[in-house]
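Here the structure comes first, spelled out in structure tokens, and everything after it is commentary.
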Amino acid sequence: MSGGSAAVRVFVYGDYACPFSYVGDARLRRLAVDRGLEVHWRPYEIHPAVPADGIEVSQAGYPPDEWSTISSRIREIADDLELPVRIPEFIPNSHEALQVAEFARDMGEDAFGRVHEALFRAYFVRGRNFGKRDVLLDVAEAAGLDREAVGMALEDERYEDELRRAAEEAERYHVTGTPTFLFGRFKVVGAAPGEVLEEAYQRAVADGDDASGTPGDAGREDPPSGGDAGAGEGRKSAP
18 MSGGSAAVRV
28 FVYGDYACPF
38 SYVGDARLRR
48 LAVDRGLEVH
58 WRPYEIHPAV
68 PADGIEVSQA
78 GYPPDEWSTI
88 SSRIREIADD
98 LELPVRIPEF
108 IPNSHEALQV
118 AEFARDMGED
128 AFGRVHEALF
138 RAYFVRGRNF
148 GKRDVLLDVA
158 EAAGLDREAV
168 GMALEDERYE
178 DELRRAAEEA
188 ERYHVTGTPT
198 FLFGRFKVVG
208 AAPGEVLEEA
218 YQRAVADGDD
228 ASGTPGDAGR
238 EDPPSGGDAG
248 AGEGRKSAP
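Here is the structure:
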């Protein structure tokens with residue numbers, strides 16, 4: 018961007034239980050470094066009906082061939098990004114994990130960045146079930162958060178209102194799956210290739226002031242073409 022220009026803000030609706038959010042986040046972070054993007058993660062729970070202990074993939078309504086296709090596609094993208102991945106055979110409840118990320122955000126951007134990465138990797142690399150509170154607290158503590166303080170925040174449901182606000186916000190902006198990237202008023206859904214994210218960035222820059230504000234009228238323009246087919250993992254897929 019030219020000197021003095023405001024950074025383009027990208028609002029990302031995602032979930033730590035979504036494999037496409039995991040690889041999509043990695044793709045966006047590369048673009049953010051190259052283009053100086055200001056990235057705002059927004060929590061969007063895709064499997065709210067999953068119990069705290071999680072469920073086996075076979076119980077989630079995915080036909081075996083569909084889950085196999087999803088897993089193969091994720092591994093392909095991850096290999097291209099040199100991103101470690103191990104697709105678990107269970108789906109966790111991510112509700113409290115999303116709250117822990119909001120707790121970390123209140124601790125500062127560095128803390129949020131550590132916890133954000135730790136939550137993704139806990140599930141998609143180490144196969145840990147962060148829907149279980151003890152496991153989640155272990156992950157938070159290892160990422161540098163105060164275990165007791167995080168536990169108290171979960172116990173008193175301190176971030177429930179924030180998750181509700183994010184869900185209402187997502188509904189206003191017609192977000193139905195994860196990840197969804199809002200570049201100003203341009204929307205990209207799914208783990209889109211880097212060139213599609215780049216195109217959305219360029220369109221946002223050309224759009225001027227809309228690119229540096231809140232999502233506002235995000236999504237009123239069709240997304241750039243070329244995204245991975247079926248890459249968005251939506252609430253409707255929840256069991």
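Okay, so the sequence shown: first residue is 18 according to this note's numbering, each after it adds one. Even for Gly, the Cβ is constructed at its ideal location relative to N, Cα and C.
Handout entry: Where the beta strand (DSSP E) containing residue 57 begins and where it ends
Key = By one-based count along the sequence shown, residue 57 stands at place 40. First-last of the beta strand (DSSP E) with residue 57: 55-60.
Problem - Cβ-Cβ distance between residue 115 and residue 33 below 8 Å - result: As a position in the sequence shown, residue 115 is number 98, starting the count at 1. As a position in the sequence shown, residue 33 is number 16, starting the count at 1. Yes; because the gap between Cβ atoms is below 8 Å, this pair is in contact.
Practice task
Scan the stretch 24-48 and note each continuous alpha helix (DSSP H) run of 4 residues or more that stays entirely inside, going in chain order.
Solution key: none
Problem - Residues that DSSP places opposite residue 167 in a beta bridge - result: Mapped onto the sequence shown, residue 167 falls at position 150. For residue 167, which the question treats as bridged, DSSP gives no partner whatsoever.
Handout entry: Straight-line Cα distance separating residue 222 from residue 95
Key = Within the sequence shown, numbered from 1, the residue matching residue 95 stands at position 78. Within the sequence shown, numbered from 1, the residue matching residue 222 stands at position 205. So the alpha carbons of these two residues sit roughly 28 Å apart.
Practice task
May I have a chain-ordered list of the alpha helix (DSSP H) segments no shorter than 4 residues that lie completely inside the stretch 130-213?
Solution key: 150-159, 164-172 and 177-189
Practice task
State the CB to CB distance for the pair residue 70 and residue 137, rounded to an integer number of angstroms; the pair is presumed to be in contact (CB under 8 Å).
Solution key: Here residue 70 is taken as the residue at index 53 of the sequence shown, counted from 1. Here residue 137 is taken as the residue at index 120 of the sequence shown, counted from 1. Contact flag wrong, Cβ pair sits at about 20 Å.
Handout entry: the stretch 200-216 contacting the stretch 145-163, beta-carbon criterion three pairs below 8 Å
Key = The answer is no - the stretch 145-163 does not touch the stretch 200-216, with fewer than three Cβ pairs under 8 Å.
Practice task
Mind the definition here: the stretch 89-103 touches the stretch 58-69 only if three or more C-beta pairs lie below 8 Å; say whether that holds.
Solution key: no
Exercise for the section: Report yes if the CB atom of residue 172 is closer than 8 Å to the CB atom of residue 164, and no otherwise. Expected result: Within the sequence shown, the letter at position 155 stands for residue 172. Within the sequence shown, the letter at position 147 stands for residue 164. Not in contact: residue 172 and residue 164 (Cβ atoms no closer than 8 Å).
Exercise for the section: Spatial neighbours of residue 268 within its chain, please: CB distance less than 7 Å, with the 5 preceding and 5 following residues excluded, ordered by chain position. Expected result: For residue 268 there is no data in the structure shown, the boundaries of the chain being 18 and 256.
Practice task
Taking residue 186 as the reference, give the member of 58, 211 and 214 with the closest Cα.
Solution key: Translated into positions along the sequence shown, residue 186 becomes position 169. The shortest Cα separation from residue 186 among 58, 211 and 214 belongs to 58.
Problem - With 16 other Cβ atoms within 10 Å as the buried cut-off, status of residue 181 - result: The residue you call residue 181 lines up with position 164 of the sequence shown. Under this definition residue 181 is an exposed residue.
Exercise for the section: Please report how far the alpha carbon of residue 184 lies from the alpha carbon of residue 112, in whole angstroms. Expected result: Translated into the one-based positions of the sequence shown, residue 184 becomes position 167. Translated into the one-based positions of the sequence shown, residue 112 becomes position 95. Cα to Cα, the separation comes out at about 12 Å.
Handout entry: Span of the alpha helix (DSSP H), counted from its first residue to its last, around residue 115
Key = Locating residue 115 in the sequence shown gives position 98, counting from the first residue. From DSSP, the alpha helix (DSSP H) with residue 115 extends over 112-123.
Problem - Identity of the residue in 124, 169 and 106 nearest residue 141 by Cα - result: The residue you call residue 141 lines up with position 124 of the sequence shown. Considering only alpha carbons, the answer is 106.
Handout entry: Buried versus exposed, by CB contacts within 10 Å (16 or more), residue 133
Key = Locating residue 133 in the sequence shown gives position 116, counting from the first residue. The residue is buried, with at least 16 neighbouring Cβ atoms inside 10 Å.
Practice task
Go through its chain and collect everything with a Cβ distance to residue 55's Cβ below 6 Å, but skip five positions before and after it.
Solution key: Here the question's residue 55 lines up with position 38 in the sequence shown. Residues of the same chain with a CB within less than 6 Å of the CB of residue 55, apart from the 5 flanking positions on each side, are 24 and 26 in chain order.
Practice task
Would you mind working out which of 35, 210 and 215 sits nearest residue 109, comparing C-alpha positions?
Solution key: Looking up residue 109 in the sequence shown gives position 92. Of the listed residues, the one whose Cα sits closest to residue 109 is 35.
Practice task
In the DSSP assignment, find the alpha helix (DSSP H) that holds residue 90 and state where it starts and stops.
Solution key: Taking the first residue of the sequence shown as position 1, residue 90 is located at position 73. Run containing residue 90: 81-98, per the alpha helix (DSSP H) assignment.
Handout entry: Proximity winner among 40, 127, 78 and 61, relative to residue 101 (alpha-carbon distances)
Key = Looking up residue 101 in the sequence shown gives position 84. Here the closest residue by C-alpha is 40.
Problem - Assigned secondary structure, residue 73 (DSSP; H/G/I helix, E/B strand, else coil) - result: Indexing the sequence shown from 1 puts residue 73 at position 56. Residue state, collapsed to three classes: strand.
Practice task
Would you mind working out which of 199, 177, 82 and 47 sits nearest residue 28, comparing C-alpha positions?
Solution key: Translated into positions along the sequence shown, residue 28 becomes position 11. Among 199, 177, 82 and 47, the Cα nearest to that of residue 28 is on 199.
Handout entry: Own chain residues within Cβ distance below 7 Å of residue 274, not counting five before or after
Key = Limits of the chain in this structure are 18 at one end and 256 at the other, which puts residue 274 out of reach.
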